[in-house]
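Q: Residue numbers (the working numbering): 2 to 718.
We treat Cβ as the ideally placed atom computed from N, Cα and C, and that holds for glycine.
The structure displayed is predicted, hence computed values, not measured ones.
#1: In this structure, what does DSSP give as the bridge partners for residue 306?
#2: Which residues mark the beginning and the end of the alpha helix (DSSP H) in which residue 517 is found?
#3: Can you pull the DSSP bridge partners for residue 744?
#4: Opposite residue 369 in the DSSP bridges: which residues?
#5: Which residues bound the alpha helix (DSSP H) around residue 440?
#6: Can you tell me the Cβ-Cβ gap for residue 126 and residue 63, rounded? I've got them flagged as a contact below 8 Å.
#7: Quick one: give me the first and last residue of the alpha helix (DSSP H) that residue 419 is part of.
#8: Tell me which residues share the same chain as residue 162 and place their Cβ nearer than 8 Å to its Cβ, disregarding the 5 neighbours each side in the sequence.
#9: Write down the C-beta distance between residue 264 and residue 504 rounded to the nearest angstrom, noting that I regard them as a contact closer than 8 Å.
#10: Please state whether DSSP places residue 327 in a helix, a strand or coil.
#11: Tell me which residue opens and which closes the beta strand (DSSP E) that residue 675 is part of.
#12: Enumerated in chain order, which unbroken segments of the alpha helix (DSSP H) with a length of 4 residues or greater are wholly contained in the stretch 15–71?
#13: Rounded to the nearest angstrom, how far is the Cβ of residue 70 from that of residue 112, given a contact under 8 Å?
#14: Of all the alpha helix (DSSP H) runs that stay within the bounds of the stretch 454–504, which reach a length of 4 or more residues?
#15: Beta-carbon within less than 7 Å of residue 267's beta-carbon, same chain only, minus the 5 sequence neighbours each way: which residues are those?
#16: Please determine whether the Cβ atom of residue 148 lies at a distance below 7 Å from any heavy atom of the ligand HEM.
#17: What does DSSP give as the partner residues of residue 341 in its beta bridges?
#18: From the DSSP output, which residues share a beta bridge with residue 376?
#19: At the level of alpha carbons, what is the spacing between residue 518 and residue 152?
#20: How should residue 165 be labelled, buried or exposed, when 16 other C-beta atoms within 10 angstroms of its C-beta is the threshold for buried?
#21: Among the candidates 91, 76, 272, 143, whose CA atom is the shortest distance from the CA of residue 41?
#22: Can you tell me the Cα-Cα spacing of residue 65 and residue 202, whole angstroms?
#23: Would you say residue 699 and residue 666 are within 8 Å of each other, going by their C-beta atoms?
#24: Which same chain residues end up closer than 7 Å to residue 139 when comparing Cβ atoms and leaving out the 5 residues on each side of it in sequence?
#25: Using DSSP bridges, identify the partner residues of residue 359.
#26: Measuring alpha carbon to alpha carbon, tell me which of 304, 52, 270 ends up nearest residue 325.
#27: Going by alpha carbons, who is nearest to residue 136 out of 110, 74, 83, 487?
#28: Per DSSP, what kind of secondary structure is residue 90 in: helix, strand or coil?
#29: Could you have a look at residue 352 and say whether DSSP puts it in helix, strand or coil?
#30: Taking the continuous alpha helix (DSSP H) assigned at residue 138, which residues delimit it?
#31: By DSSP, does residue 196 sit in helix, in strand, or in coil?
#32: Are there 16 or more other CB atoms within 10 angstroms of the CB of residue 2, so buried, or fewer, so exposed?
#33: Do residue 531 and residue 539 have their CB atoms nearer than 8 Å?
#34: What is the DSSP secondary structure of residue 128, counted as helix, strand or coil?
#35: Tell me the residue span of the beta strand (DSSP E) that contains residue 688.
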C-alpha cells in the first residue's frame with residue numbers, strides 16, 4: 002500500500018532543486034548507464050534511431066540537471082499508466098507489419114513493451130526520491146525490458162554484439178545494486194574483503210550462467226519456442242496458413258478452423274471476386290519420410306515492377322497510389338477491384354489470375370516467379386487497387402517452366418501412375434483431361450476437414466486409392482499430380498475465395514474459413530493458365546450474406562479504417578470530401594438522421610421530468626383509491642358497469658333506500674374523485690382528501706347482498 006496522506010498545504014506536484022551528493026550521484030549515473038545500454042540494444046536490433054537517441058539525450062540530461070519533479074505515489078502511478086496508454090494508442094494508430102514467419106512473440110509487440118519500460122525508467126530519473134537516489138526496482142525493470150528489447154532474429158555476427166551488450170548490462174546492474182545497498186548498510190573494515198570476494202564470485206558465476214544461457218538459447222531457440230508454445234497452449238505450426246515459401250498438406254485446413262469467422266479481406270468489386278491467389282508452388286515432395294516436411298515449394302525468383310503512367314481507357318478515377326504493370330501489353334476493358342486486407346499476410350497482394358495492373362500507396366511491388374504479387378511495405382488495414390481483364394492473358398510457356406510444372410518424383414507410387422493412365426485413357430486435349438479429373442473427384446470423393454492416414458503410408462497415395470475423404474489440399478495436390486502424369490503443366494495455388502456479400506457496405510468479404518487451395522493448369526490450345534477446381538462443392542466457399550447487425554458493424558469499421566488511412570496518406574486535405582461521401586451513403590444518412598433526431602427526443606423527454614413523474618405517481622394513488630371504492634361497492638351492493646359513468650352510478654347509490662348512510666358516503670367519495678379529476682387536481686392533497694373520505698364510509702348493513710353483475714369489468718376514470 003502506498004501512503005496517500007499528505008500535509009494540507011503540500012502541493013500534489015512541484016519542481017525542486019536538489020543539492021547533489023557524491024553517493025547519490027554515483028547511483029544515478031549507474032542507472033543512466035543501464036538505460037543507455039538498453040536503448041543502444043533496442044536501437045541496434047530494431048534499426049530505430051530517433052527513439053534511442055532521444056532517450057539517451059534525456060537520460061544524460063537527468064544526470065546533469067539539478068531539477069526534480071516531486072510527485073506523490075498515486076500521481077506517479079497515473080503518470081506511468083498514461084505513458085503506457087499513449088504508446089499503445091500510437092501502436093494501433095500507426096500499426097507495423099507482422100509477417101507470418103515471425104516467431105511466437107512478435108518483435109513489433111515486444112519492442113513496444115520495451116519502449117514503454119524504457120520510458121518509465123527515464124521518467125523515474127526525473128522524479129524526486131529519498132536522498133536523490135533512483136529506486137532499486139529500476140534495475141529489475143531494466144532486466145525485464147532486456148529480453149523484449151533484443152527479440153528479433155539476427156545474423157551470427159550480430160549475436161556477439163548482443164552478447165557483449167547483455168554482459169555489460171548485467172555487470173552495471175550488479176554494480177548498481179551493490180552501490181545502492183552499500184549506501185544503506187555501513188560495514189566495518191574487517192568485513193569488507195570477504196564481502197568483496199563473495200560479490201566477485203557471485204558476479205562471475207552470474208556472468209558465466211548468463212553467457213551459457215545465451216549460447217543455449219541461440220542453439221536451441223526452436224526447441225525452447227516449441228516448449229513455450231506447448232506450455233501456453235499455442236501451436237504456430239498448426240495455425241500457419243501456408244502463405245509462406247512452403248506448404249504442407251494441412252496448412253490451409255488448419256487455417257480454416259483457427260478463428261474461422263475472423264475477417265481476412267474486404268473487396269470492392271461489381272462482381273464476386275472469386276479466386277484470389279496468394280502463393281503458387283510448383284514442386285511436390287512426398288512427406289512419407291517425415292510427416293512435418295514441407296511438401297509444396299516454389300521456384301525462387303522475383304522481379305521489381307516499374308511504375309508507369311495509366312494507359313488509355315483505364316478508369317483513372319478509381320486509381321489510388323502508384324500504378325504498376327503486372328502483364329505486358331494488356332488490352333482493355335478493365336474492371337476495378339479494391340482490396341482491403343485486415344492483417345497483411347507476409348505482404349502478399351491477393352489478386353485474381355486476370356490481374357493486369359496493381360496500384361499501391363507506399364513502397365513498390367514485386368512479382369514472384371509464377372505471377373503472384375508482394376508489396377515491399379504494406380501498412381495494416383491499408384488497401385490496394387487491382388485492374389483486371391475479362392480473361393487470363395495469353396503467354397507462351399517456356400521449356401524451363403514446362404519442366405517445373407510437369408515434374409513428378411521418380412519414386413511416385415505405381416498405383417498413382419496406373420490410376421492416371423486409366424483416368425485419361427481416351428482423353429486427347431487438355432480441356433478433356435481437366436474435365437475428366439474434376440468429374441472423377443466430384444463423383445467418387447467427399448469433402449471433410451482432416452484425414453486419418455495409416456502409419457508409414459504415403460498420404461496422397463492413400464487418399465487417391467483408399468481414403469476418398471479429405472480437405473482441399475489433398476484434392477488440389479491429387480489433381481496437380483494426376484494432370485502432370487498426363488503431361489499437363491500444373492501448379493498448386495493457395496489463397497482466398499471471396500463470395501460473401503455485405504449489401505449494406507457494398508463490398509465482398511473473405512474470412513479465415515474462406516482460405517482455399519486449388520490448381521492452375523496450362524492449356525496449350527488457348528496458351529493460357531486456367532483454374533481447375535476439383536474439391537467437392539461442400540469444400541468450396543459458397544455465396545452467403547451475414548446478418549444485418551454484422552454488416553452494419555463491419556461497414557462502420559471499414560469507414561473508420563478508410564478515414565484513418567486517408568488522414569495518414571493525404572492529411573486533412575480531402576477529409577471533408579470523404580466525410581461528404583460518407584454522409585450520402587446509407588450508413589451515413591442513417592447516422593446523420595439519428596444525430597439530428599436524438600437531441601430533440603432527449604430534449605422532449607427531459608422536459609419537466611420530475612413534475613411528470615410526481616403526477617404519474619399521485620394519479621396512480623388516486624386510481625388505487627377508486628379501485629377500493631369499486632371493491633367495497635361490489636361486496637355490499639353491486640358492481641359498476643363498464644359503460645356506466647361515475648355520475649350515473651352515484652345517482653343510483655343515492656337512491657338506495659336500504660342503507661342510506663352507507664350509500665351516501667360512498668356516493669360522496671365518487672363525487673369527490675370525479676370533481677378532483679375534472680379539475681386536474683391529482684397532487685398529494687387530493688390523494689389525502691380521498692383517503693379521508695374513504696375512511697369515513699361506514700360499514701354496510703346489507704353486506705350479504707350479492708352483486709348484480711360479477712363478470713362486468715371495472716373501469717377507471
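A: Short version:
#1: Its beta-bridge partners do not exist; DSSP assigns none.
#2: In the DSSP annotation of this structure, residue 517 is not part of any alpha helix (DSSP H); the continuous beta strand (DSSP E) holding it starts and ends at 516–524.
#3: Since the first residue of the chain shown is 2 and the last is 718, residue 744 is not available in this structure.
#4: Residue pairing of residue 369 in beta bridges, as defined by DSSP: 303.
#5: It spans 431–445 - the alpha helix (DSSP H) in which residue 440 sits, taken as one unbroken run.
#6: 4 Å
#7: Counting along the chain, residue 419 sits inside the alpha helix (DSSP H) bounded by residues 415–424.
#8: 45
#9: Incorrect: roughly 16 Å between the Cβ atoms, too far for contact.
#10: coil
#11: For residue 675, no beta strand (DSSP E) segment is defined; the enclosing uninterrupted segment is the alpha helix (DSSP H) at 661–679.
#12: 23–47, 51–65
#13: Between residue 112 and residue 70 the Cβ distance is about 27 Å, and since that is not below 8 Å, they are no contact.
#14: 460–463, 473–486
#15: 341, 508, 510, 559
#16: Of the ligands one can find in the structure shown there are none, so the ligand HEM has no counterpart to examine.
#17: Residue 341 pairs with 267.
#18: 366
#19: 33 Å
#20: exposed
#21: Checking every option, the nearest Cα to that of residue 41 belongs to 143.
#22: 34 Å
#23: yes
#24: The answer, listed in chain order, is 32, 122, 125.
#25: 325, 387
#26: 304
#27: 74
#28: helix
#29: strand
#30: 138–150
#31: Three-state DSSP puts residue 196 in a helix.
#32: Its pLDDT being 35, under 50, residue 2 is placed unreliably by the model, and nothing is read from it.
#33: no
#34: In this structure, DSSP gives residue 128 an extended state, which the three-state scheme calls strand.
#35: Looking at the DSSP string, residue 688 is not in any beta strand (DSSP E); the run it does join, the alpha helix (DSSP H), is 685–696.
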